[in-house]
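So the sequence shown is residues 536 to 966, counted in our numbering. Encoded as structure tokens, the structure appears first; notes follow it.
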Amino acid sequence: MNNIDKLSKWVEKKPIIIKAFNRDDSESLAYSSGGGNGQVTFARPHNEVNCLKLPTICLFEFDFPHEHQCYIGIMKRKAAVSTLDSRLTIVQLYPINIPSLELLCNKISNKRFKNQFNEHLKEKIKIEPLTPRLSSHIIGIIAEDPQNQKILESITNNLPGIQTKSDLEINRENALKTALEIFGYNLRSVPRELFIKSNSSTALSSLNPIYIREDNVIQRDVSQIEGYLLKNMDITGKAVFLKNGERLEVYTANRNYLEEAFGVDLIYYNQTLGSIVMVQYKMLEEASDNKNWIFRLDNQTKDEISRMKIPEIKSNATDYRLNREPFYFKFVQRRCTESNIKSYIISLDHLNKILNSHKAIGPRGGIRIDYPALEGTYLRESDFISLIRSGYIGTHRVESEALITIISEISRGNKELIFALQRSEDQNKEK
């Protein structure tokens with residue numbers, strides 16, 4: 536059963552809610568949602584919303600000055616805000632390729648369903664759910680359009696009980712969220728360029744699906760990237776973001792040649808200030824006493840650390856860095872929600888110092904990292920973002936310009952370059 540089928544079954548248990556908004560309400564809601572791709576709230580009387588089973592899918596029609604537009608999203612929660620009213624919160628609100636609810640009604644072939652839908656359209660004030668079977672039928676109609684399918688897939692992934700994301704997927708999305716926040720974006724920001732392998736599981740696909748470029752568009756645009764060959768691309772995804780003259784490139788490196796070369800999961804390239812920062816993700820497990828979060832050093836991590844080296848650059852750097860080493864570890868609590876990921880970040884140098892000290896020795900003699908070992912010395916998410924955006928950490932520009940060439944080549948599958956890097960490190964050790 537695919538996600539669209541799962542969504543059809545879902546709305547039979549929690550039927551779709553539809554509503555057409557007037558001109559004033561439409562403009563206010565669209566503005567508050569940042570163009571329609573964010574979160575909106577509005578209040579309705581208690582007696583109107585008591586029957587709603589949340590979370591579920593909502594289908595809205597907005598009346599804009601020159602057009603009508605339908606949006607689909609998740610009505611996530613309701614909460615009392617006064618004696619008379621409840622606040623409804625809608626998230627993941629996307630425009631779909633259907634201009635109006637009336638035109639959607641015209642697509643309904645089943646006469647009984649069409650009559651039911653028309654009755655709901657006549658209700659101009661109240662918010663009421665559709666019937667279960669009509670809700671399922673509406674999902675099928677919306678999914679007939681390939682563009683709408685992408686939106687439905689994205690929404691389905693955010694409904695509890697339909698598709699549980701793995702720790703890896705949550706970490707990828709969190710990593711991308713961090714990358715975007717460096718330049719003031721959120722997960723609904725629009726990348727200027729986006730390259731994604733077909734059927735990949737990259738976190739880049741959590742971006743607004745309207746702007747995701749898959750094989751057909753990639754084939755058209757790929758010739759504009761000098762030396763870029765899609766058939767040899769072994770990287771999960773690459774995105775380029777622009778904001779006010781600032782440029783950020785994001786490479787997902789997990790389980791591909793880039794991780795084999797550098798031992799990292801994600802690479803941030805601040806092209807504007809010429810710095811590169813690389814991050815490896817690790818999960819923190821809850822201790823048996825539920826009072827601490829622990830990461831136990833394993834052979835995989837040791838191997839990754841051994842690969843965290845960059846070639847020496849012979850040129851002199853002229854720009855300033857607090858720390859020119861690009862490697863960082865992000866430790867994430869395993870049991871957390873996607874919207875509230877708890878983590879801390881430390882540099883590779885800091886990690887090595889802890890691992891070589893008595894602070895990392897557990898009660899049974901094992902090597903581990905935990906909060907007490909850090910003694911409060913670590914970077915929080917906002918600290919890390921500020922340092923990357925300011926260019927205060929990461930490689931110098933002269934290093935980055937050489938390194939990004941290597942990264943681009945490795946991401947295209949040049950394994951010979953990986954071996955060359957490893958031989959270079961072995962030779963340095965012999966000296």
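In this text, a Cβ means the ideal position worked out from N, Cα and C, and glycines have one as well. These figures come from a predicted structure and were not determined experimentally.
Please identify the residue among the options whose C-alpha is closest to the C-alpha of residue i.
i    : options                : result
K877 : N827, K894, G926, G901 : N827
P630 : C593, T666, K611, D620 : C593
Q682 : L832, N632, I896       : N632
W545 : T930, L628, R668       : R668
L687 : A895, N538, F862       : N538
I607 : P600, A555, L587       : A555
D680 : T666, K642, S670, E654 : K642
E839 : C640, T912, F797       : F797
D559 : L542, F599, T576       : F599
P846 : C586, E916, T940       : T940
S841 : H581, N851, R647, D884 : D884
P580 : A614, I697, H893, Q815 : A614
L665 : E602, N851, F648       : F648
Q815 : K837, N851, N891       : K837
E821 : H893, N834, A852, R869 : R869
R655 : C640, I677, N851       : According to the sequence as given, residue 655 is His; it is not Arg. Nearest of C640, I677, N851 to H655, Cα basis: C640.
Which one or two residues does DSSP pair with residue i in a beta bridge?
i    : result
D598 : H603
S810 : N805
C586 : BP columns for C586 are empty, so no partner.
D820 : Contrary to the premise, residue 820 reads as Glu rather than Asp in this sequence. Partner(s): I829.
M610 : T591, I625
F862 : M813
V575 : I625
I880 : K865, L914
K554 : F595
K580 : Residue identity differs from the one stated: residue 580 is Pro in this sequence, not Lys. In the DSSP output, where bridge partners are listed per residue, P580 has D620.
A615 : S621
Excluding five sequence neighbours on each side, which residues of the same chain lie with their C-beta closer than 7 Å to the C-beta of residue i?
i    : result
L886 : F864
N858 : S882, I928
E583 : K661, I662
K657 : none
N693 : I609, Q627
D905 : N827, W828, I829
D540 : none
S670 : V546, E547, P550, I551
I848 : V933, E934, A937
Could you give the C-beta distance for residue i and residue j, rounded to a whole number, given that I count them as a contact under 8 Å?
i     : j    : result
I609  : I673 : About 15 Å separates the two Cβ atoms, so there is no contact after all.
M1031 : V867 : Residue coverage of the chain in this structure runs from 536 to 966, which leaves residue 1031 outside it and unanswerable.
K611  : L638 : Between L638 and K611 the Cβ distance is about 27 Å, and since that is not below 8 Å, they are no contact.
L628  : I553 : That pair is no contact at about 14 Å.
T591  : I551 : 7 Å
G901  : R831 : 6 Å
A969  : I923 : Since the displayed the chain opens at 536 and closes at 966, residue 969 lies outside it and no answer follows.
R932  : D824 : Incorrect: roughly 47 Å between the Cβ atoms, too far for contact.
L587  : V575 : At roughly 16 Å, the Cβ-Cβ gap does not stay under 8 Å, so L587 and V575 are not in contact.
L808  : G675 : So it is not a contact: roughly 49 Å between Cβ atoms.
Tell me which residues share the same chain as residue i and place their Cβ nearer than 6 Å to its Cβ, disregarding the 5 neighbours each side in the sequence.
i    : result
I811 : Y804, P861, G929, T930, S935, L938
G897 : R903
G569 : Bear in mind that a pLDDT of 43 at G569, under 50, signals an unreliable position, so the model cannot answer this.
C605 : E596, I631, I633
I880 : Y863, K865, L914, F919
P744 : Its pLDDT being 46, under 50, P744 is placed unreliably by the model, and nothing is read from it.
M843 : G798, F862, L883
G696 : none
Identify, in the order they occur along the chain, each residue of the same chain with its Cβ nearer than 8 Å to the Cβ of residue i, setting aside the five sequence neighbours on each side.
i    : result
A578 : V616, S617, D620, S621, R622, L623
H603 : E596, F597, P634, S635
Against chain B, does residue i count as a neighbour if the rule is that its beta carbon must be under 8 Å from one of theirs?
i    : result
R869 : Here chain B cannot be found, since the structure has a single protein chain.
My parser needs the beta strand (DSSP E) runs of 3 or more residues fully inside the segment 883-939; what are they?
903-905
Minimum length 4: unbroken alpha helix (DSSP H) runs contained in the segment 617-667:
636-641, 646-657
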